[in-house]
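Heads up: the structure comes next, in structure tokens.
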Amino acid sequence: MDGEVRINPYLAGNFAPVRSEDDFDLKVQGEIPSGLRGALFRIGPNPQFEPRDPANHHWFGGDGMVHGFYVADGKVSYRNRYCRTPKWELEHEHGRALFGSMGNPMTTDPLAQGNEGGTANTNILFHAGKLLALEEAHYPLQMDPRTLATIGYDREFQGKVTAHPKIDARTGEMAWFAYSVGPMPLSAGMSYGVTNADGSLKSRQDFQAPYSSMVHDFMVTQNHVLFPVLPLTGSLERAMGGRPPYAWEPEKGSYVGVMRRDADVSTIRWFNTEACYVFHPLNSWEEGGKIFCDVMRYDVAPLFPNADGSAGDKAAARLVRWTFDLDSASDAIKETPLDDIDGEFPRVDPRVETLKHRHGWYAADPSNSKTIRQTAIAHLDLQTGQRQLYELTGGDLTSEPVFVPRSADAPEGDGWLTAVVWRAAENRSDLLIFEALDLAKGPIATANMPRRMPFGFHGNWANLD
Ligand SMILES: [Fe+2]
Numbered sequence: 187m188d189g190e191v192r193i194n195p196y197l198a199g200n201f202a203p204v205r206s207e208d209d210f211d212l213k214v215q216g217e218i219p220s221g222l223r224g225a226l227f228r229i230g231p232n233p234q235f236e237p238r239d240p241a242n243h244h245w246f247g248g249d250g251m252v253h254g255f256y257v258a259d260g261k262v263s264y265r266n267r268y269c270r271t272p273k274w275e276l277e278h279e280h281g282r283a284l285f286g287s288m289g290n291p292m293t294t295d296p297l298a299q300g301n302e303g304g305t306a307n308t309n310i311l312f313h314a315g316k317l318l319a320l321e322e323a324h325y326p327l328q329m330d331p332r333t334l335a336t337i338g339y340d341r342e343f344q345g346k347v348t349a350h351p352k353i354d355a356r357t358g359e360m361a362w363f364a365y366s367v368g369p370m371p372l373s374a375g376m377s378y379g380v381t382n383a384d385g386s387l388k389s390r391q392d393f394q395a396p397y398s399s400m401v402h403d404f405m406v407t408q409n410h411v412l413f414p415v416l417p418l419t420g421s422l423e424r425a426m427g428g429r430p431p432y433a434w435e436p437e438k439g440s441y442v443g444v445m446r447r448d449a450d451v452s453t454i455r456w457f458n459t460e461a462c463y464v465f466h467p468l469n470s471w472e473e474g475g476k477i478f479c480d481v482m483r484y485d486v487a488p489l490f491p492n493a494d495g496s497a498g499d500k501a502a503a504r505l506v507r508w509t510f511d512l513d514s515a516s517d518a519i520k521e522t523p524l525d526d527i528d529g530e531f532p533r534v535d536p537r538v539e540t541l542k543h544r545h546g547w548y549a550a551d552p553s554n555s556k557t558i559r560q561t562a563i564a565h566l567d568l569q570t571g572q573r574q575l576y577e578l579t580g581g582d583l584t585s586e587p588v589f590v591p592r593s594a595d596a597p598e599g600d601g602w603l604t605a606v607v608w609r610a611a612e613n614r615s616d617l618l619i620f621e622a623l624d625l626a627k628g629p630i631a632t633a634n635m636p637r638r639m640p641f642g643f644h645g646n647w648a649n650l651d
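Under this note's numbering, the residues of the sequence shown are numbered 187 to 651, in order.
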């Protein structure tokens, strides 16, 4: 439009990067439980420099920054550091952005050619004594859990890994996958892999999906693994024609590949359902020849355009249960609604991942506005069907909530819930700590940050002792 300056929303407000690396002792209101000891690590995109093509900058494309909240003896200290990927180091050396939006070669500086790249901005988790920062298309980036200094890419994975591995709490094994694997970008190639509890590689196998798709997350039960191939499709041909590399293409339908964890990828059975998108499952388990996956389901993929480049519809996710009947001749997925408000970033007690769960928590939008406005934190008791909300006020917005067990052998759900909340009026953030099964009474402790933490993606708790 004539004369109008459009600010990319992912570079404004609390999406805008914070470019300082700080160490703060946080002021605490209320009482931090003495049993709460360890660190909450959170991660999100935080571009080191102004993007080369600000109008087309995508939230997912910014350099990763890790935020560590260290809790002990009723006190909280905070530290944040960039994830110093090869991309970050090269751009730091030159003092400006060199990579195009999401690696777009059309807007990438020739100086970046041959650089391994990476943003490490999507998830941060602790496995086999390693703190790993993950994204969709590179090796996990190992970081020091105390100093948050970057150690480097963990080559043990023998290739790229996505941001959502699943740790089997019973065995300590970590199952993971990759998409767009192979020599050509935006391909239908995928990998499935397993890392042993000691961090060594157990297996990595490649297979072909029905079509190229952005496969953000997957599902794992005690004996099965499931790969959702949903029609947020990738197309090199489309990208070379100047249209979106990833786009919503509902006519392709939805597929979910199911295989036994101890089997070969050649045994994958493809179930199907109508076009939909899922960024995040809550959790999955199996019982009596059936697999159950509770997932945050969108009717339309959010945040991405249509295949012709036109803007996608506004969309929000709701929690549904997918049932896969392994004994049936039908490959249809049965779907049952579990909730009636919009949500994202669903989480369970990590000790029940791959097992049947009773409790789930998520960031919610009770006004069902179909925007990314997470104004509440929700707890859903799937045994009683009761939902509890802690609603924020004044435009404040929450991150993904992360559960911390009260002790290693406490019952499922017995513990605390952590969330980082942006205080809109003050443009500052707070760490909130709740009794996980009583959100409505409000936080039992709040640690005040002197500045804001930008909106990000995922976090995990780690006992560091
Ligand atoms: Fe995610």
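Every residue gets a Cβ at the ideal spot worked out from N, C-alpha and C, and that includes glycine.
For ligand 1, is there any heavy atom lying closer than 8 Å to the beta carbon of residue i?
{"i": "alanine 364", "result": "no"}
So is residue i buried or exposed if we call it buried at 16+ other beta carbons inside 10 Å?
{"i": "glutamate 190", "result": "Summary for glutamate 190: the model assigns pLDDT 47, below 50, so the residue's position carries little reliability, and this model does not support an answer."}
{"i": "lysine 261", "result": "exposed"}
{"i": "glutamate 539", "result": "buried"}
{"i": "methionine 292", "result": "exposed"}
{"i": "threonine 407", "result": "buried"}
{"i": "methionine 187", "result": "Here the model assigns methionine 187 a pLDDT of 35, short of 50, so the residue's position is not dependable, and the following value carries that caveat. By the neighbour-count rule (16 or more Cβ atoms within 10 Å), methionine 187 is not buried but exposed."}
{"i": "glycine 581", "result": "exposed"}
{"i": "isoleucine 310", "result": "buried"}
{"i": "proline 296", "result": "exposed"}
{"i": "methionine 400", "result": "buried"}
{"i": "glutamine 215", "result": "exposed"}
{"i": "histidine 280", "result": "exposed"}
{"i": "asparagine 646", "result": "buried"}
{"i": "proline 636", "result": "exposed"}
{"i": "arginine 282", "result": "exposed"}
{"i": "glutamine 569", "result": "exposed"}
{"i": "arginine 228", "result": "buried"}
{"i": "arginine 455", "result": "exposed"}
{"i": "phenylalanine 329", "result": "The displayed chain sequence assigns methionine, not phenylalanine, to residue 329. Buried, because 16 or more other Cβ atoms sit within 10 Å of the Cβ of methionine 329."}
Going straight from the alpha carbon of residue i to that of residue j, what length do you get?
{"i": "proline 523", "j": "proline 371", "result": "36 Å"}
{"i": "cysteine 479", "j": "lysine 273", "result": "36 Å"}
{"i": "alanine 314", "j": "leucine 284", "result": "34 Å"}
{"i": "arginine 533", "j": "valine 607", "result": "17 Å"}
{"i": "histidine 466", "j": "phenylalanine 404", "result": "8 Å"}
{"i": "alanine 202", "j": "proline 195", "result": "8 Å"}
{"i": "phenylalanine 343", "j": "glutamate 612", "result": "43 Å"}
{"i": "alanine 622", "j": "alanine 596", "result": "13 Å"}
{"i": "alanine 225", "j": "serine 516", "result": "46 Å"}
{"i": "aspartate 384", "j": "glycine 495", "result": "45 Å"}
{"i": "tyrosine 137", "j": "asparagine 469", "result": "Limits of the chain in this structure are 187 at one end and 651 at the other, which puts residue 137 out of reach."}
{"i": "asparagine 554", "j": "alanine 502", "result": "8 Å"}
{"i": "aspartate 528", "j": "alanine 550", "result": "6 Å"}
{"i": "leucine 489", "j": "alanine 433", "result": "10 Å"}
{"i": "glutamine 572", "j": "proline 587", "result": "18 Å"}
{"i": "glycine 443", "j": "aspartate 513", "result": "15 Å"}
{"i": "valine 347", "j": "tyrosine 325", "result": "6 Å"}
{"i": "arginine 238", "j": "phenylalanine 246", "result": "15 Å"}
{"i": "proline 536", "j": "glutamine 299", "result": "40 Å"}
{"i": "lysine 213", "j": "valine 204", "result": "20 Å"}
{"i": "lysine 316", "j": "threonine 584", "result": "27 Å"}
{"i": "phenylalanine 255", "j": "serine 373", "result": "38 Å"}
{"i": "phenylalanine 531", "j": "proline 369", "result": "32 Å"}
Are the C-beta atoms of residue i and some chain C residue less than 9 Å apart?
{"i": "histidine 565", "result": "The chain inventory of the structure shown lacks chain C, comprising one protein chain alone."}
Is any heavy atom in ligand 2 found nearer than 8 Å to the beta carbon of residue i?
{"i": "aspartate 525", "result": "For ligand 2, the structure offers nothing, since it holds only ligand 1."}
| task | Can you list the residues near ligand 1, meaning Cβ strictly closer than 7 Å to any non-hydrogen atom, in the order they appear in the chain? | result | Thr308, Asn309, Ala349, His350, His402, Asp403, Phe465, His466, Phe643, His644
| Unbroken stretches of the beta strand (DSSP E), 3 residues or longer, contained in the segment 346 to 398 | 360 to 365, 375 to 381, 387 to 394
| said: Runs of 3 residues minimum, wholly inside the segment 300 to 338: which ones carry the beta strand (DSSP E) assignment? | reply: 309 to 313, 316 to 320, 327 to 329
| message | Extract the residue ranges of the beta strand (DSSP E) inside the segment 239 to 275, only unbroken runs of 3 or more that lie entirely within it. | response | 250 to 258, 261 to 268
| request: Scan the segment 398 to 486 and note each continuous alpha helix (DSSP H) run of 4 residues or more that stays entirely inside, going in chain order. | output: 422 to 426
| field | Contained beta strand (DSSP E) runs [length at least 3] in the segment 536 to 583, N- to C-terminal order | value | 545 to 551, 562 to 567, 573 to 577
| beta strand (DSSP E) runs contained entirely in the segment 192 to 234, provided each spans 3 or more residues | 209 to 216, 224 to 231
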